[in-house]
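Below is one structure, written out as structure tokens, with a few remarks after it.
In the UniProt record's numbering, the protein residues as written are 1 to 267.
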């Protein structure tokens, strides 16, 4: 059985306040995009995990796909399986690739072995893997708040647009992204974004992490500016970076002339 875990982008990201437990409350919109990995599962004599595509440095048992399987085996008597992940979504990009892999693994194993888990039950398992992991169970445009683990559906449809994702050849760690961040109440309510023309997003829909990441990694800001130069109606960093995305009304034919070689581009 095979499935294709897709990435997400963040449309707006507000760091609202620091919590007593040390985490931060956020507000953002998760939007699923077509960029995807491929995950295959077959029954086997012994459980194993392998990968291809982008190199995965973590030990197999530390991969989130393996963790998803291990979680289910705590409650269900499942046979050994062989899992193979072809990795396309880049790491350290703010695209949620690892969380997507885990969530899709939960859904696939539920279907493959007839576990009869409900959507809410799958979300509970996903929440034990990562805060944004439950988003990929429904995999629809969602307003996320809290630490990114509380969800409300939003009516956004970008199917008429082309979304271009660019990732420079480096990642941004979470501590780096939070450096110099000052939490504040947002000036714009992201829940109202569906009523706002996309041409107006540029002036009011912000990613607070850009204020911290751009001074540390000016290459990321440069890529965002190049997307606007290429004709994007809206461009932003996704999550805490380092990927940026641009939303285009028409396919940018001259994009390659704006972007230097050796950089991951999805379009």
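Cβ atoms here follow ideal geometry from the backbone N, Cα and C, with glycine treated the same way.
Look at the stretch 155 to 188 and you find these whole runs of beta strand (DSSP E), each 3 residues long or longer: 162 to 167. For residue 125, DSSP assigns no beta-bridge partner whatsoever. Three or more beta-carbon pairs separated by less than 8 Å link the stretch 229 to 244 to the stretch 193 to 203, which places the two stretches in contact. Relative to residue 192, the option among 156, 177, 176 whose CA is nearest is 156. Looking at the DSSP output, residue 234 bridges to 247. With distances taken between CA atoms, residue 47 lies nearest to 65 out of 65, 96, 209, 151. Cβ atoms of residue 122 and residue 41 stay farther apart than 8 Å, at about 16 Å. The stretch 206 to 215 makes contact with the stretch 11 to 19; the number of CB pairs closer than 8 Å reaches 3 or more. Around the beta carbon of residue 153, a 10 Å sphere encloses fewer than 16 other beta carbons of the protein chains shown; the residue is thus reported as exposed. Between residue 114 and residue 131, the C-beta spacing is not below 8 Å. Taking the Cα positions, residue 85 is about 11 Å away from residue 98.
Taking residue 26 as the centre and dropping the five residues before and after it, the same chain places the C-beta of 13, 14, 15, 16, 144, 145, 146, 147, 148 closer than 8 Å to its C-beta, in chain order.
In its chain, beyond the 5 residues on either side, 166, 244 have a beta carbon closer than 6 Å to the beta carbon of residue 223.
Remark: C-beta atoms of residue 266 and residue 158 do not approach each other more closely than 8 Å.
When DSSP states are grouped into helix, strand and coil, residue 107 belongs to the helix group. Residues 162 of the same chain have their beta carbon placed closer than 6 Å to that of residue 251, with the five preceding and five following residues left out of the count. Per the C-alpha coordinates, the member of 178, 78, 74 positioned closest to residue 43 is 78. Assignment of residue 33 by DSSP, reduced to helix, strand and coil, places it in the strand class. Spatial neighbours of residue 38 in its own chain (CB-CB distance under 6 Å, excluding positions within 5 residues in sequence) are listed in chain order as 4, 86.
Residue 55 is classed as exposed because its beta carbon has fewer than 16 other beta carbons within 10 Å across all chains shown. For residue 189, the closest of 240, 29, 74, 9 by C-alpha to C-alpha distance is 29.
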